[in-house]
Structure formats: C-alpha cells, structure tokens
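Single-structure report; data block below.
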Amino acid sequence: MAFSLKITLVTALLLLTACSSEPIRFHTLTPAQPGVASSSGAEVQIEAITVPPQVDRPQIVIRQGNAGLAILETEWWGASLVDELRSALVDQLVNNNLQRRVSLRLDVQRFDSIPGQYALIDVRWRLRSLGNGDAAMVTCRSTLQTPSGPSIDDLVVAHQNNVKRLAAAISQSVMGASQGCPSVK
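Residues -20 to -1, 1 to 165 (mature numbering (1 follows the signal peptide of the UniProt record, and there is no 0)) make up the sequence shown, in order.
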C-alpha cells in the first residue's frame, strides 16, 4: 500500500511540473542610456496620451496577417502602454535640451507590431508653449515605421527607435527649427 502511495505522489508531482508556464517577460519603451539627463531647466508637460483600445493593455499585441491580432500572454510592457509612451517621450525630450516649457497632447491612431517586419506608430500631436497665453504652436501628424527583426526584443527596439524619432520631430518644432510640421526621418 505504501508503495502505491509513493507512485501516486511521484506521478502527481510529475504532472504538476508539466503544467508550469513560461515566465512573463517585461519590456520598456525607454532605452537604457548611459550618461546623465540634461538639466536645461525645460519642462515637458504631457497633457494626455490616447492609444487604440486594441493595444491599450499590459500585454504586447502583435498583428497576424491582414486582420488578426495576437495578445502575447508572456510578453508584457513594464507599465501600461500609455505610461510607457509617456515615460519614453519625456526621457527623450528632456535629453534633447529643450529651451522652453511646453505642453504636449498625443493621440495615437495606430500602434502596429509585426515581428520580422516592422514597428509602426501613427500619431497626431499638438504642441503648445506654456505661459504666453498658452496658444497652440503646432498640430501635426507623424507616421513612423522602423524595420524589426523576428524577436519581441527586436520589435521593442524598433518601437524605441520610433519614439526617439517622434521626440526629435517634436523637439524640432519646440526649437522653431521648422515652420509648421517637421519632416520625420
């Protein structure tokens, strides 16, 4: 009787270990950057960021084919996508040595992730100077696409590049380097 109990326990333990799931991996849109952030005294106030409801979740969502989406249950953003975008943009804008205080509103139209192909962000943004009547400086739309390798890490790096390029375009407007909306490179 004791032998069959041992066999039952060993079998149960083996079955339980077979049920283990992959650990959750967390990703961020803020790249690791050596060096210290600038202390230019500029302030970036992000009024609001909206993202499409399909990607407004902690899990990374990828496109499959022309009409499908897949929610990756083991690949998550370190925070909500809105908070990741906010942190990454503030980090990039502060490091771009802005010389005046600005307010920014972003409405993300598309946030596509296709491993092995590209990461894309299509965003409408409004920039205004804080103080001086708070009048809108510029309202623009930027569509940024960066090629991606096959892994989720490659895809996140491509999205980081898109955020960096978006921040560069916003910085260009803040510094008055372009009349109207800047071209995105």
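Ideal placement from N, C-alpha and C gives every residue a C-beta, glycine not left out.
Alpha carbon of residue i to alpha carbon of residue j, nearest angstrom
i      : j      : result
Q152   : P11    : 21 Å
F6     : R85    : 26 Å
L100   : L124   : 6 Å
L78    : S131   : 34 Å
L146   : V164   : 7 Å
G96    : V143   : 19 Å
S(-17) : T(-10) : 10 Å
L52    : A(-19) : 45 Å
T126   : L9     : 14 Å
R104   : L61    : 16 Å
Backbone secondary structure at residue i - three-state DSSP
i    : result
S151 : helix
Q39  : strand
R164 : Looking at the sequence provided, one finds Val at residue 164 rather than Arg. Of the three classes helix, strand and coil, the one that applies to V164 here is coil, per DSSP.
Q140 : helix
S122 : strand
I132 : helix
Assumed close pair residue i, residue j - CB separation to whole angstroms, cut-off 8 Å
i           : j    : result
S67         : L110 : S67 to L110, Cβ: 20 Å. No contact.
residue 166 : I150 : Since the displayed the chain opens at -20 and closes at 165, residue 166 lies outside it and no answer follows.
I94         : I29  : Going by Cβ atoms, the distance from I94 to I29 rounds to 22 Å, so no, they are not a contact pair.
F91         : V35  : 5 Å
Query raised in the report: Which parts of the stretch 34 to 105 are runs of the beta strand (DSSP E), unbroken and 3 residues or longer, counting only runs that do not cross its ends?
Result: Within the stretch 34 to 105, the runs of beta strand (DSSP E) that reach at least 3 residues and sit entirely inside it are, in chain order, 39 to 44, 48 to 57, 82 to 94.
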